[in-house]
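> Residue numbers (UniProt numbering): 1 to 144.
1. If you check the beta carbons only, do residue 94 and residue 78 fall under 7 Å apart?
2. By the 10 Å Cβ neighbour count, where 16 or more other Cβ atoms means buried, how is residue 61 classified, buried or exposed?
3. Ordered along the chain, which non-local residues of its own chain (more than five positions away) have a Cβ less than 6 Å from that of residue 51?
4. Label residue 140 either buried or exposed according to how many other C-beta atoms from any shown protein chain fall within 10 Å of its C-beta, with 16 as the threshold for buried.
5. Helix or strand or just coil, what does DSSP make of residue 45?
6. What ranges does the alpha helix (DSSP H) occupy inside the region 83-140, keeping only unbroken runs of at least 4 residues that lie completely in it?
7. Near residue 158, which residues of its chain fall below 7 Å by C-beta distance, leaving aside the five closest residues on each side in sequence?
8. Do residue 55 and residue 106 come within 7 Å of each other at the CB atom, strictly closer than that value?
9. According to DSSP, is residue 59 helix, strand or coil?
10. The alpha helix (DSSP H) with residue 33 in it runs from where to where?
11. Flag this pair as yes or no: are the beta carbons of residue 69 and residue 100 separated by less than 7 Å?
12. Roughly how many whole angstroms lie between the Cα atoms of residue 5 and residue 124?
13. Let me know the secondary structure DSSP gives residue 75 once reduced to three states.
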């Protein structure tokens, strides 16, 4: 991970970490030990003057101007449902599901195959993923 941080800070951003503070996002249910290691690395290796770590779901609500809500964060491999109240997430109520974007892409490949499209599951997976990301959406009003 250090190589990625080095590249980001020195090659891409071209910053002196000792003159900056950093905000790191954290997935829900990430073990405390991982957070401690991130903080230790940011202070001891990079000498940041300040480090703040926040759960991604909380930051998603902040971006919408909200402090309270239920965040459904679905990535490629896992989905988290995170309740947030007054800017605080509740880990004991957070749920993790091992169903996410990759599974939806796989399902779309199956649907296209059933409709008669010649699909090679491994070769066409990336193409179908791009189709999904460009054309698929979630309806806000199911009846319409």
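In this text, a Cβ means the ideal position worked out from N, Cα and C, and glycines have one as well.
So, to answer that:
1. Going by C-beta atoms, residue 94 is not nearer than 7 Å to residue 78.
2. Burial call: buried.
3. Within the same chain, and ignoring the five residues on either side of residue 51 in sequence, the residues whose Cβ sits closer than 6 Å to its Cβ are 22, 39, 42.
4. When all chains shown are included, residue 140 counts as exposed.
5. For residue 45, the secondary structure class from DSSP, reduced to helix, strand or coil, is helix.
6. Taking only runs of at least 4 residues, the alpha helix (DSSP H) segments lying wholly in the region 83-140 are 101-114, 125-135.
7. With the chain covering only 1 through 144, there is no way to say anything about residue 158.
8. No.
9. In the three-state scheme derived from DSSP, where H, G and I count as helix and E and B as strand, residue 59 is classed as helix.
10. Looking at the DSSP string, the run of the alpha helix (DSSP H) that includes residue 33 is 32-40.
11. No, these two residues do not count as a Cβ contact at 7 Å.
12. Distance from the CA atom of residue 5 to the CA atom of residue 124, rounded to whole angstroms, is 33 Å.
13. Collapsing the DSSP output to three states places residue 75 in coil.
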